[in-house]
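To keep things clear, I will list the structure first and then write my remarks on it.
In UniProt numbering, the protein residues as written are 1 to 179.
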C-alpha cells in the first residue's frame, strides 16, 4: 500500500483516493489506526501508522544475521492466529509490545529465540491455540509427542518448556514408537 500524503491506495481497486472514517491511537501509544473507505469502490480497510526507528540485527538459529523485519514477525503471528478470534489490533499490539521490549534492552543484535519468547508469552495469554501453533513452528516440534508435552504443560498451568528439555509423559507413545 503506497501512501500519498493523507491518501492511501485502495487495496481492492487501486483507486488513489480514500477517506479516513475513523482514527484511533493504538494501545501502545506508538501507532495510529485509521479506518478508511475507498471513494471509488466503497470498500473499507484499516491502516496502521507508526514511527520506524528500530535498527536491529536478528541472529538466526544457524548463526546468520538479518535485519529485523516487523512485517515478517507480524506475518508469523497472523499465521498462528488464522481462524481464531484474534483481531488485527491484538496482533498489532503483540508486535508493538515485542518491538518496544526490544528497544528497551537497547542492543544492536538479538537472537531469534529472544524474539520468539517475547511473542510466545503474549500469545499464551491471548489465545492458547495460536500459542501452540506459534510454538510448534518456533520450537520446531518434531512429532505429536512434542505437542502432547506442550499441551500437558499448558493444561497444568506450568511454564511452557523448551523442546528437548521435557520428559515424555508416562504411557504415551509417539507414532514412531507405536510402529
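Backbone N, C-alpha and C define an ideal beta-carbon position, used for all residues, glycine too.
Alpha-carbon spacing of residue i relative to residue j, whole angstroms
{"i": "residue 25", "j": "residue 49", "result": "9 Å"}
{"i": "residue 13", "j": "residue 20", "result": "17 Å"}
{"i": "residue 57", "j": "residue 34", "result": "30 Å"}
{"i": "residue 16", "j": "residue 110", "result": "39 Å"}
{"i": "residue 112", "j": "residue 124", "result": "18 Å"}
{"i": "residue 157", "j": "residue 131", "result": "14 Å"}
{"i": "residue 143", "j": "residue 78", "result": "23 Å"}
{"i": "residue 128", "j": "residue 152", "result": "12 Å"}
{"i": "residue 76", "j": "residue 82", "result": "10 Å"}
{"i": "residue 155", "j": "residue 147", "result": "12 Å"}
{"i": "residue 108", "j": "residue 68", "result": "10 Å"}
DSSP state of residue i mapped onto helix, strand, coil
{"i": "residue 72", "result": "helix"}
{"i": "residue 123", "result": "helix"}
{"i": "residue 179", "result": "The pLDDT assigned to residue 179 is 40, lower than 50, so where the model puts this residue is not dependable, and the model offers no usable value."}
{"i": "residue 137", "result": "helix"}
{"i": "residue 12", "result": "coil"}
{"i": "residue 24", "result": "strand"}
{"i": "residue 17", "result": "coil"}
Nearest to residue i (by Cα), restricted to the options the options
{"i": "residue 117", "options": "16, 106, 136", "result": "136"}
{"i": "residue 138", "options": "64, 60, 155", "result": "60"}
{"i": "residue 73", "options": "102, 84, 148, 64", "result": "102"}
8 Å CB neighbourhood of residue i in its chain, flanking five on each side removed
{"i": "residue 126", "result": "86, 90, 94"}
{"i": "residue 66", "result": "57, 58, 60"}
Residues near residue i in its chain [Cβ-Cβ closer than 7 Å; skip 5 each side]
{"i": "residue 18", "result": "7, 8, 10, 36, 37, 38, 39"}
{"i": "residue 88", "result": "46"}
Nearest-angstrom beta carbon gap, residue j and residue i [assumed within contact, 8 Å]
{"i": "residue 134", "j": "residue 120", "result": "6 Å"}
{"i": "residue 96", "j": "residue 47", "result": "Incorrect: roughly 15 Å between the Cβ atoms, too far for contact."}
Contacts around residue i, its chain only, beta-carbon distance under 6 Å, and the 5 residues preceding and following it disregarded
{"i": "residue 22", "result": "35"}
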